[in-house]
Structures are given as C-alpha cells and as structure tokens.
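To keep things clear, I will list the structure first and then write my remarks on it.
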Amino acid sequence: MFGKKNRLARIMNPENGKSLVMAMDHGMVLGPTRGIEKPDSTLKLLEGFMNAVIINKGILTTAFVPDGKTGIILRVSGGPTIIGNDLSTEGITTSVEEALRLGVDGVIINVFVGTENESSSLISFARMADECHKYGLPVIGATAVGKDKEKHFDPDYVKLSARVVAEFGADIVKTYYTGERFEEVVEGCPAPILLAGGPHADTDEETLIMVTEALEKGAAGIAMGRRIWQSEDPRGMIKALYGIIHQDWSVEEAISSMKK
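Each residue of the sequence shown is one higher than the one before, starting from 23 at the first, in the numbering used here.
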C-alpha cells in the first residue's frame with residue numbers, strides 16, 4: 023500500500039533502513055520530568071537530528087512545529103501514571119480517525135506480555151493494528167513490562183515479546199537491548215527493531231556503546247528519550263547518535279563530536 027510506504031519513509035530512512043526516533047511521550051506517565059519540562063524548547067534543541075518523534079496528542083498540538091521532514095509517531099495507548107498501581111492497565115486513548123486528522127505518520131502502542139493484563143493488551147493492540155492498516159497507517163509495538171523491571175533485559179522474555187508483537191501486526195518493534203543473545207531477538211522478529219533506552223545511563227559513552235553493539239547485532243536504530251534529553255549535552259548526544267546510526271561513526275568519533 024503506497025500510503026503506508028510513504029509514511030514509513032518518514033520514520034525509517036529509506037536509503038539505509040535505519041532510524042533515529044526521539045521519544046518524548048514520557049509526560050503522560052511522569053509529568054514534567056527533567057529534560058522535557060518545556061516540550062517546545064526540547065524539540066527545538068534537538069531538531070535536525072531525528073527521523074521521527076514519539077509524542078502525545080496534547081504536546082503535538084501545542085508544542086510541535088511541523089518542518090515537513092520529521093516523522094510524527096503518535097502515542098495512542100496510556101491511562102495510569104507513575105503514582106498508579108499498575109502501568110500494564112493501559113488502554114487505547116486515541117482513535118485512528120483522530121490520528122489521521124492530526125496527520126501523523128504512525129502510531130505506537132505498549133504491549134504488556136507476561137503481565138496479568140497480557141491478553142487484553144494484545145487484543146487491544148491487534149484490533150488497533152487492523153484499524154490502522156485499513157488506512158495505511160504504520161503501527162509500532164512497544165514491548166513494555168509491568169512491575170518486573172528485570173524482564174527489560176531478559177533475552178528469553180524480549181525474544182518472545184518482540185516476536186509476539188510482530189505476530190499481532192506491528193510494522194516496527196520497539197524493545198530493549200539484552201546484551202548477550204540480542205541477535206536472537208533480531209533473528210526471531212520479522213519486523214525491524216528499534217532500541218528502547220530505558221532508565222538514564224550512567225554516562226553518554228555507555229549509551230553510545232550500547233547502540234553501536236545493538237546495530238552490529240541487527241537493530242534498525244533507536245527510539246530513545248531520557249538517554250538523549252537527560253544527557254548533560256542533549257544536542258551533542260543526539261548528534262553523536264545520529265552519526266553512529268546514519269554515518270557509521272565509531273564510538274570514538276561520536277564522543278569526539280560531542281567535545282566540539
């Protein structure tokens with residue numbers, strides 16, 4: 023379908039099949055957390071180095087300035103906040119009609135494999151994917167977890183959840199880097215994989231090394247937020263990541279670029 027291919031080309035670089043997606047949808051759970059207190063300022067600071075941005079509809083309509091280049095991925099699942107009991111109780115928060123009206127290039131939905139809400143999460147995802155695909159709207163499935171944070175990095179869990187999300191209709195999968203056996207996650211998932219960031223890293227170099235390793239093992243890029251806009255040098259960080267993903271920079275070249 024042409025419409026879907028056209029939108030995907032604004033998310034994934036059609037020349038190399040890779041992408042740098044900047045996630046800025048955290049406010050729906052965390053509120054005005056450090057780095058995105060003023061969304062318009064953060065977007066302005068990081069412009070020019072992202073293929074696409076993950077964003078909620080309220081921030082899209084109040085803080086995002088269209089440039090005709092940056093792809094828009096709309097968060098369409100949510101519900102609980104950080105003070106709630108269980109983040110896995112998410113539901114669909116935006117209709118496909120609203121996403122199309124807003125002119126977005128794709129939608130992203132969390133899927134909570136391995137939680138008490140696994141079944142409802144997967145069914146909601148599958149139904150939303152069906153509806154989106156009627157109109158050529160790409161769907162990104164994010165493998166989220168409930169309270170058991172260790173699952174973020176469990177190769178067996180990540181391999182299973184990434185494949186399940188793809189089986190249920192994801193065009194792109196956002197998931198976590200497992201380190202060892204990550205190549206198994208990639209090989210077992212028919213959809214391109216974008217690396218989630220997770221909690222803020224101890225150093226920017228640690229993040230750059232992780233992204234480089236993930237790309238070498240088959241990842242198609244990243245969909246990160248806090249590791250970018252909570253860096254001491256957010257613009258330098260996103261520039262370094264862009265160089266690694268799209269210009270084949272080494273970690274040393276990326277770090278050097280941040281010192282200029």
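We put the beta carbon where it would ideally sit given N, CA and C, even for glycine.
Could you spell out where the beta strand (DSSP E) holding Met246 opens and where it closes? Met246 -> beta strand (DSSP E) spans 243-246.
From which residue to which residue does the alpha helix (DSSP H) around Lys196 run? Residue range 194-197 is occupied by the beta strand (DSSP E) that includes Lys196, with no alpha helix (DSSP H) assigned at that position.
Taking buried to mean at least 16 other C-beta atoms within 10 Å of its own C-beta, is Asp224 buried or exposed? Counting C-beta atoms within 10 angstroms of its own C-beta, Asp224 has fewer than 16 neighbours from the protein chains shown and is therefore classed as exposed.
Use the C-beta contact count for Glu120: other C-beta atoms within 10 angstroms, 16 or more gives buried, fewer gives exposed. Residue environment for Glu120: exposed (fewer than 16 other C-beta atoms within 10 angstroms of its C-beta).
Tell me, please, which residues DSSP counts as bridged to Ile76. When beta bridges are read from the DSSP output, Ile76 appears opposite Ala45, Ile95.
Within the chosen definition, does the segment 87-97 reach the segment 120-131 through at least 3 CB pairs nearer than 8 Å? Verdict: yes, contact present.
Checking 8 Å against the spacing of the C-beta atoms, do Glu202 and Gly240 come in under that value? No; because the gap between Cβ atoms is not below 8 Å, this pair is not in contact.
So, using beta-carbon positions, are Arg32 and Ala74 closer together than 8 Å? Yes, they are a contact pair.
Can you give the Cα-Cα distance for Ser63 and Gly53, rounded to whole angstroms? Pairing Ser63 with Gly53, the inter-Cα distance amounts to about 16 Å.
Hey, out of Ile277, Val273, Val43, Ile105, whose CA is closest to Lys91's CA? The shortest Cα separation from Lys91 among Ile277, Val273, Val43, Ile105 belongs to Val43.
Let me confirm a value: Val161 is counted as buried when at least 16 other C-beta atoms fall within 10 Å, else exposed. Which label applies? Val161 should be labelled buried.
Using only the alpha-carbon positions, how far apart do Ser253 and Thr229 sit? If you take the alpha carbons of Ser253 and Thr229, they lie about 10 Å apart.
Can you tell me whether Val133 is helix, strand or coil according to DSSP? Looking at Val133 - three-state DSSP - the assignment turns out to be strand.
To the nearest angstrom, how far is the alpha carbon of Gly80 from that of Arg185? The straight-line gap from Cα to Cα measures roughly 31 Å.
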